[in-house]
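> Numbering (my numbering), first residue to last: 18 to 83. Backbone N, C-alpha and C fix where the C-beta goes; we use that ideal spot for every residue, glycine too. Can you read through this structure? Questions will come right after.
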């Protein structure tokens, strides 16, 4: 993945105070595609390729429903 070809997307998710390493491990476990850039208390920003955007939306639906 070339970072200049990616788009930054902010996902709303209650991270429960996780740091970037813990959040990256969680996203990797669920099959999230992209590069985690930052984490806040209620959201996180990921650099994603345009073709992976739809896949990540489906993964986020599964994360939010748990």
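(1) Is it true that the CB of residue 70 sits closer than 9 angstroms to the CB of residue 25?
(2) What's the call for residue 74, buried or exposed, on a 16-neighbour Cβ count within 10 Å?
(3) Relative to the C-alpha of residue 20, which residue among 81, 35, 37, 51 is closest?
(4) Per DSSP, residue 55 is paired with what?
(5) Quick one: is residue 47 buried, meaning 16 or more other Cβ sit within 10 Å of its Cβ, or exposed?
Reading it off the structure:
(1) no
(2) exposed
(3) 51
(4) 62
(5) exposed
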